[in-house]
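In structure tokens form, the structure reads like this:
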């Protein structure tokens, strides 16, 4: 089941027969028990052809092509990783009656491309370019020890004013970022984690709303697309995008 809130997938196994409970509201009075054995698995871990099938608009469908079910089972046994991952540039034609979510599919392919092009410290380079495109003056720490700061960004004239640091990952990292913000007198911070955030971080969002923003892969791609024309030529050559218009109408 693809999450409607972030770029994650949930996997469950049906463990019971059909049940009708008249005390429940429609449609929840019709159900089967499910064991959700894996939740919040990042979409970026899967080959493109599997994501293509999983990107259907249908809530429930059977995926028959490319041995997808067995491949997913093997990934589960291997801690959701693929030993020799392939990059599928073209999709295998399918006879299945599946209406593909084109926007989700585009997002998946763009995410895969960015992961390949901007591994490790280069992801900070991409985030810095987005901040520059949004009008910030930035300072990026050299690769290596950064004392808790990856990027400083100021929104005021000539780069003076309130710096905004940028540091990735979970709750201890978020606490480190908040502490670092205090050390450098920063008003706001951005925490970037390509694979999203643990619940311990998400639970703190209301408390930190006025001084901290979280960027997962979907948010980074959103900011990239909104500011694409203002990015440097070097970045645009590495992430070549073309704007297209689609008819927003259900047939």
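Numbering (the numbering used here), first residue to last: 717 to 967. Even glycine gets a Cβ: it sits at the ideal position worked out from N, Cα and C.
Pairwise C-alpha distance: residue j and residue i
{"i": "residue 889", "j": "residue 785", "result": "36 Å"}
{"i": "residue 830", "j": "residue 955", "result": "7 Å"}
{"i": "residue 904", "j": "residue 896", "result": "11 Å"}
{"i": "residue 745", "j": "residue 868", "result": "53 Å"}
{"i": "residue 727", "j": "residue 826", "result": "24 Å"}
{"i": "residue 782", "j": "residue 755", "result": "23 Å"}
{"i": "residue 891", "j": "residue 921", "result": "12 Å"}
{"i": "residue 937", "j": "residue 929", "result": "15 Å"}
{"i": "residue 935", "j": "residue 842", "result": "13 Å"}
{"i": "residue 926", "j": "residue 739", "result": "42 Å"}
{"i": "residue 960", "j": "residue 840", "result": "28 Å"}
{"i": "residue 952", "j": "residue 822", "result": "17 Å"}
{"i": "residue 764", "j": "residue 820", "result": "12 Å"}
{"i": "residue 919", "j": "residue 836", "result": "27 Å"}
{"i": "residue 761", "j": "residue 718", "result": "14 Å"}
{"i": "residue 945", "j": "residue 847", "result": "13 Å"}
{"i": "residue 933", "j": "residue 924", "result": "20 Å"}
{"i": "residue 824", "j": "residue 780", "result": "20 Å"}
{"i": "residue 866", "j": "residue 854", "result": "10 Å"}
{"i": "residue 729", "j": "residue 720", "result": "20 Å"}
{"i": "residue 882", "j": "residue 751", "result": "Any answer about residue 882 is weak, because its pLDDT of 39 lies below 50 and its placement is not dependable; what the coordinates show is given next. If I take the Cα positions, the gap works out to 38 Å."}
{"i": "residue 914", "j": "residue 722", "result": "12 Å"}
{"i": "residue 949", "j": "residue 931", "result": "24 Å"}
{"i": "residue 838", "j": "residue 733", "result": "50 Å"}
{"i": "residue 887", "j": "residue 753", "result": "24 Å"}
{"i": "residue 893", "j": "residue 947", "result": "26 Å"}
{"i": "residue 770", "j": "residue 898", "result": "43 Å"}
{"i": "residue 901", "j": "residue 858", "result": "21 Å"}
{"i": "residue 787", "j": "residue 737", "result": "35 Å"}
{"i": "residue 743", "j": "residue 798", "result": "37 Å"}
Local Cβ density within 10 Å of residue i, reported as buried at 16 or more and exposed below that
{"i": "residue 916", "result": "exposed"}
{"i": "residue 759", "result": "buried"}
{"i": "residue 768", "result": "buried"}
{"i": "residue 803", "result": "Bear in mind that the predicted position of residue 803 carries a pLDDT of just 49, short of 50, making it unreliable; the figure below should be weighed with that in mind. Classification of residue 803: exposed, given that the 10 Å Cβ count is below 16."}
{"i": "residue 958", "result": "exposed"}
{"i": "residue 909", "result": "buried"}
{"i": "residue 906", "result": "buried"}
{"i": "residue 749", "result": "exposed"}
{"i": "residue 741", "result": "exposed"}
{"i": "residue 809", "result": "Caution applies to residue 809, whose pLDDT of 46 falls short of 50 and renders its modelled position unreliable; the value that the coordinates give is listed next. Residue 809 comes out exposed."}
{"i": "residue 828", "result": "buried"}
{"i": "residue 852", "result": "buried"}
{"i": "residue 834", "result": "buried"}
Paired residues, beta bridge with residue i - DSSP
{"i": "residue 855", "result": "868"}
{"i": "residue 752", "result": "728"}
{"i": "residue 746", "result": "736"}
{"i": "residue 905", "result": "928"}
{"i": "residue 758", "result": "724"}
{"i": "residue 956", "result": "Note: residue 956 sits in no beta bridge, so no partner."}
{"i": "residue 718", "result": "725"}
Sub-8 Å separation of residue i and residue j beta-carbons
{"i": "residue 796", "j": "residue 757", "result": "yes"}
{"i": "residue 724", "j": "residue 912", "result": "yes"}
{"i": "residue 747", "j": "residue 735", "result": "yes"}
Presumed contact (8 Å Cβ cut-off) between residue i and residue j, rounded CB distance
{"i": "residue 832", "j": "residue 844", "result": "With 8 Å as the limit, residue 832 and residue 844 do not qualify as a contact, their Cβ atoms being about 19 Å apart."}
{"i": "residue 962", "j": "residue 818", "result": "7 Å"}
{"i": "residue 793", "j": "residue 943", "result": "41 Å between Cβ atoms; not a contact."}
Closer than 7 Å: residue i CB and nearest the ligand FAD heavy atom
{"i": "residue 829", "result": "Looking at this structure, you won't find the ligand FAD or any other ligand, since it has none at all."}
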